[in-house]
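Asker: Numbering (our numbering), first residue to last: 127 to 933. The beta carbon of each residue, even a glycine, is placed where N, CA and C say it ideally should be.
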Amino acid sequence: MKQLVHLLSDLESFKQYLGSDEVSGCRATSRACLAQVYSMPDNPSLAAQIAAEIAGSLPGTIVVGASTVGEVAAGRTMTGSTLIILSFFEATRLHVLAGECARGGEYELGQQLAQALGAGSSSLAGILLLATPLSLDVNPLLKGIGQILGTVPVFGGGAGDYAAMNCSWILMGDKTMDQGCIAVALDGSELHIETRTSLGWHPLSKEMQITSVDGLKVLTIDNMPAFDVYRRYIQTEHEAEFALTASEFPFLIERNGETFARVPIDTAEDNALLFMADIAAGDRFRIGYGDPARMLETADGIHRFMREFKPQGILVFVCGCRRYLLQEDAELETWPFELSAPTAGFYTYGEFHGHGETLGLLNATLLAVGMREGPPSDALHSRGEAPGPAGKLPSAAVRDPYARQHARVVSSLVRFIDTVTAELEAANRQLARYSSHLEALVDERTAALSIAKEAAEAGSRAKSIFVANLSHELRTPLNGVLGMTDLARRRTVDPKTLNYLDKTSLCARNLLTLINDLLDIANIEGARLTLEKSAFQLGEVMKNLDLLSREKAMLKGLSFAIDIDEQLSQQVFEGDPLRLSQVLLNLTGNAVKFTPSGHIHIRVRLAAETSTEAQLRFSVQDTGIGIPAEDKQRLFRLFEQGDGSASRKYGGTGLGLTLSKRLVEMMGGEISVISEPGPGSTFWFSIKLSKPGLGTLPAGIAISLPSADAATVFDDAGGRRPVTDVVLPDNPADDERLVLAIRELKTLIDLGDLDAFDKLEENSALFRSVSPIMYRRILMALKQYDFGEASSALDSLSLARENQSKH
């Protein structure tokens with residue numbers, strides 16, 4: 127056997143190479159020739175042209191190939207190149223078959239190929255297999271082949287496309303296919319084939335279990351959405367390059383005493399993960415990370431084995447994620463093979479390896495295949511000079527997403543993390559041993575701490591009141607918002623409803639980020655806030671304000687309007703939209719709270735601007751109770767309200783205006799109020815925002831802020847109804863359902879039972895048809911865990927129904 131490796135520079139030079147004395151001499155003494163063409167994915171026609179040249183110069187040669195995520199020539203890592211491997215066999219017979227199939231027919235195709243290739247042969251030495259894992263499920267294909275061929279070794283790789291995860295192809299003769307497989311049977315009693323694999327990934331996370339799957343889709347892990355694993359450990363989101371990010375952190379699964387890697391290739395709906403290789407419910411795994419030192423150490427053992435085996439040619443199939451991790455060090459795994467025999471292959475989307483029941487698709491693995499005809503020779507192969515850069519395309523012509531990291535420090539980092547993890551686990555065990563002793567010490571200190579606690583509480587009464595109020599005002603309703611939003615999202619597919627729920631979830635998450643900072647203000651020093659700086663559309667901030675505030679105002683019979691120039695609403699600024707929204711929501715909430723009748727009017731104006739900065743002025747005008755002049759100066763002090771009795775009548779902590787003042791000042795502005803008892807108040811503030819130079823967002827996403835008349839709300843159909851309007855069902859059966867629903871819901875609300883949420887949702891269509899206003903009032907009360915308000919609203923609805931039914 128003789129193996130030659132050639133890197134294509136151009137077709138004319140390749141044609142001359144095929145006519146060279148070296149190639150001609152090998153062909154003259156061989157019985158069969160196998161040509162493998164491995165190339166970057168964007169030019170399958172070039173591979174077909176190469177196949178045609180081979181067929182013309184070397185008649186009878188079997189030509190196969192695949193697209194790649196990198197090539198290996200003479201043991202060296204190549205990118206953007208086209209590689210041709212010519213394997214000349216003196217005594218081995220070659221047979222090739224190819225098959226195309228749609229998803230679902232892979233198992234039958236595998237059995238058909240195996241039966242055709244293995245029929246009547248007792249000297250079948252191995253099967254080279256190439257396939258397109260992006261377009262078919264190779265797991266049943268491999269199962270079908272393994273069941274027929276038994277102990278015959280199968281090796282090969284999945285065609286790649288440089289991490290685009292879009293379309294790969296394989297080659298047979300001068301034809302390419304993007305959905306199928308090619309199998310080459312190597313048949314000969316003189317042919318000896320040895321295969322070895324290397325993994326080398328190190329488990330780092332805690333052990334977890336896959337709890338539900340759907341084919342190659344993992345739905346849940348430890349009964350939570352599967353994608354949450356990557357969101358928690360590496361803080362990634364659904365993004366275009368998720369496959370690249372996740373390839374560094376595969377699942378390491380233990381099966382029958384062996385460790386396998388499984389790499390997700392994409393995300394799916396409901397936060398599921400998609401895989402190429404088989405994965406099952408019940409599999410236990412840990413998230414791993416590559417340890418370059420361990421990888422190279424394992425590969426070194428395979429290098430030594432191959433030197434002892436004395437092959438005449440070596441094929442390597444290496445998962446692309448190893449090149450992504452190791453970067454320029456990747457060829458330290460492959461180049462030493464060149465000391466034993468001419469070495470070539472490609473970086474794959476999964477490696478095919480095994481025989482019989484063990485045949486399967488591997489991930490994150492190095493597969494080396496040594497081949498030799500006849501007994502071993504004492505003459506070792508000399509690798510000579512490695513191919514130079516002439517075999518590569520210019521780097522600018524190839525997008526190489528793997529060239530982004532330095533892997534030289536990864537081993538130290540992995541071992542550092544592993545050591546720290548071990549130390550933490552040891553510390554936890556030690557803490558557990560001392561827990562009983564610590565409990566005794568705590569008991570002994572309880573009396574002294576109790577005295578100190580009473581003294582501290584006496585000196586920080588205002589702080590304690592604030593913390594209690596804040597827990598009631600924010601934490602409890604926030605938990606309700608998050609829980610109900612999640613429940614609602616799982617029960618609706620309406621785009622408009624989902625949009626509202628998305629905004630609700632966004633606000634809830636924003637509030638979560640604020641709670642710790644807000645609680646810090648309870649300390650003597652007050653809050654220590656840091657402003658973010660990001661680009662945002664001003665109109666979106668105002669739209670969210672409208673969404674969160676309008677209905678509250680209208681439920682009190684107040685008209686609500688936002689006045690903002692259309693061009694200004696579409697303008698993109700750079701600043702902290704979260705803190706800006708916090709100030710607006712606080713001022714608007716106060717306006718609604720302290721206004722018994724009339725209107726709430728919010729205005730936004732551009733006060734001044736330069737080429738890089740804009741000064742905006744916001745005002746919130748109400749027709750509320752107003753503020754006496756002597757109380758204005760105390761408004762912005764911590765824990766104070768305009769009137770000491772206001773907290774008893776209207777609630778609140780006296781914190782909101784203090785926070786608003788600090789936030790406005792941090793944004794380079796000022797805040798003040800114009801007010802007197804009777805006519806109402808106008809709170810205004812100005813801030814400075816940067817211009818990021820992005821102009822306005824596309825007109826297609828510009829917003830429109832509606833106005834509304836007093837004592838009206840928008841119903842679900844887009845029309846308007848008076849708040850007090852109750853429409854009884856026309857059908858007596860529906861009216862009986864309404865009476866029963868009111869009775870059951872009232873019982874749950876009076877008991878403070880959280881099942882009231884489900885009961886209201888179960889009858890939501892019925893309640894909305896009777897009175898959208900009352901339905902929303904009940905729903906808002908339940909979201910805030912205000913069972914008293916919910917009970918009162920339900921009583922009002924029941925009374926209105928009784929009055930209407932009498933008429």
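Using a Cβ-Cβ cutoff of less than 6 Å, which residues in the same chain neighbour Leu130 once the five nearest sequence positions on both sides are dropped?
Answerer: Leu212
Asker: Looking at Gly476 and Gly102, is the spacing between their C-beta atoms short of 7 Å?
Answerer: One cannot answer for residue 102 here, as it falls past the ends of the chain, which runs 127 to 933.
Asker: Give me the DSSP bridge partner(s) of Met497.
Answerer: Secondary-structure assignment with DSSP links Met497 through a beta bridge to Ile319 and Gly439.
Asker: Tell me whether Ala387 sits in a helix, a strand or coil according to DSSP, three-state version.
Answerer: Reduced to three states, the DSSP call for Ala387 is strand.
Asker: How big is the Cα-Cα spacing for His532 and Gly480?
Answerer: Residue placement at His532 cannot be trusted, given a pLDDT of 48 that sits under 50; the coordinates are not used to answer.
Asker: I'd like to check one pair, Ala916 with Ala926: are the Cβ atoms closer than 7 Å?
Answerer: no
Asker: What would DSSP say about Cys307, mapped onto helix, strand or coil?
Answerer: strand
Asker: What residue from Leu920, Ser918 and Phe744 has the CA that sits closest to Leu694's CA?
Answerer: Phe744
Asker: State buried or exposed for Tyr415, treating a residue as buried only when at least 16 other CB atoms are found within 10 Å of its CB.
Answerer: buried
Asker: Look up Ser816 in the DSSP assignment and give the residues it is bridged to.
Answerer: Glu700 and Glu739
Asker: Would you list the residues sitting across from Leu250 in a DSSP beta bridge?
Answerer: Asp313
Asker: Suppose the cutoff is 8 Å on Cβ atoms and the five residues either side in sequence are ignored; what does the same chain contact list for Val799 look like?
Answerer: Correct list, in chain order: Ile753, Lys758, Leu761, Ser807, Thr808, Phe809 and Trp810.
Asker: Measuring straight from C-alpha to C-alpha, what distance separates Ala614 and Ser331?
Answerer: 33 Å
Asker: With distances taken from CA atoms, which of Thr208, Ser737, Phe375 and Leu874 is nearest Ala448?
Answerer: Inspection of the sequence shows that residue 448 is occupied by Arg rather than by Ala. If we check each option's Cα against that of Arg448, Phe375 comes out closest.
Asker: Do you know offhand how far Arg509's Cα is from Arg555's?
Answerer: With a pLDDT of 46 at Arg509, under the threshold of 50, the predicted position of this residue should be treated as unreliable, though the coordinate-derived value follows. Approximately 54 Å between the Cα atoms of the pair.
Asker: Pick helix, strand or coil for Met793, following the three-state DSSP scheme.
Answerer: Three-state DSSP puts Met793 in coil, outside helix and strand.
Asker: By the three-class DSSP mapping on this structure, what secondary structure does Ile347 have?
Answerer: strand
Asker: Which partner residues of Arg381 appear in the DSSP bridge assignment?
Answerer: The partner list for Arg381 (beta bridge, DSSP) reads Glu384.
Asker: Excluding five sequence neighbours on each side, which residues of the same chain lie with their C-beta closer than 8 Å to the C-beta of Ala174?
Answerer: Contacts found: Leu297, Asp300, Lys301 and Thr302.
Asker: According to the neighbour-count rule (16 or more other Cβ atoms, all chains shown, within 10 Å of its Cβ), is Arg559 buried or exposed?
Answerer: The residue in question, Arg559, is exposed, as its Cβ has fewer than 16 Cβ neighbours within 10 Å.
Asker: For Gly286, which option in Glu363, Thr205 and His318 has the closest C-alpha, if you only look at C-alpha atoms?
Answerer: Thr205
Asker: For Met680, count neighbouring Cβ atoms within 10 angstroms of its own Cβ and tell me buried if that reaches 16, exposed if not.
Answerer: Buried: at least 16 other Cβ atoms inside 10 Å.
Asker: Helix, strand or coil: how does DSSP classify Pro329 here?
Answerer: strand
Asker: For Trp810, name the three-state secondary structure that DSSP assigns.
Answerer: strand
Asker: Give the DSSP bridge partners of Glu477, in chain order.
Answerer: Gly283 and Leu488
Asker: With 16 as the cutoff for other CB atoms within 10 Å, does Pro501 come out buried or exposed?
Answerer: Flag for Pro501 reads exposed.
Asker: Could you pull the start and end residues of the alpha helix (DSSP H) that Glu226 belongs to?
Answerer: Counting along the chain, Glu226 falls outside any alpha helix (DSSP H), though it belongs to the beta strand (DSSP E) covering Arg219 to Glu226.
Asker: Return the first residue and the last residue of the alpha helix (DSSP H) that Asp354 is part of.
Answerer: Its alpha helix (DSSP H) spans residues Asp354 to Ile360.
Asker: Please indicate yes or no: does the CB of Gly750 lie closer than 6 Å to some heavy atom of the ligand MG?
Answerer: This structure lacks the ligand MG, and indeed carries no ligand of any kind.
Asker: Based on DSSP bridge pairs, tell me the residues matched to Leu400.
Answerer: Lys343 and Asp392
Asker: Give me the Cα-Cα distance between Ser773 and Glu802, rounded to the nearest whole angstrom.
Answerer: Reliability fails at Ser773, whose pLDDT of 45 lies under 50, so the model's placement of it is uncertain and the value that follows must be treated cautiously. Their backbone Cα atoms lie some 19 Å apart in a straight line.
Asker: To the nearest angstrom, how far is the alpha carbon of Ala456 from that of Leu370?
Answerer: The straight-line gap from Cα to Cα measures roughly 16 Å.
Asker: Along the alpha helix (DSSP H) that carries Asp147, what are the first and last residues, could you check?
Answerer: Per DSSP, the unbroken alpha helix (DSSP H) holding Asp147 starts and ends at Asp147 to Ala154.
Asker: Tell me which residues share the same chain as Val344 and place their Cβ nearer than 7 Å to its Cβ, disregarding the 5 neighbours each side in the sequence.
Answerer: Ile336, Ala352, Ala398, Leu399, Phe401 and Ile405
Asker: Rounding to the nearest angstrom, what Cα-Cα distance links Ala834 and Ala687 in this structure?
Answerer: Confidence at Ala834 is low in this model, with a pLDDT of 34, below 50, so the placement of that residue should be treated as unreliable; the coordinate-derived value is given next. The straight-line gap separating the alpha-carbon atoms of Ala834 and Ala687 is approximately 7 Å.
Asker: Please report how far the alpha carbon of Gly750 lies from the alpha carbon of Thr873, in whole angstroms.
Answerer: 36 Å
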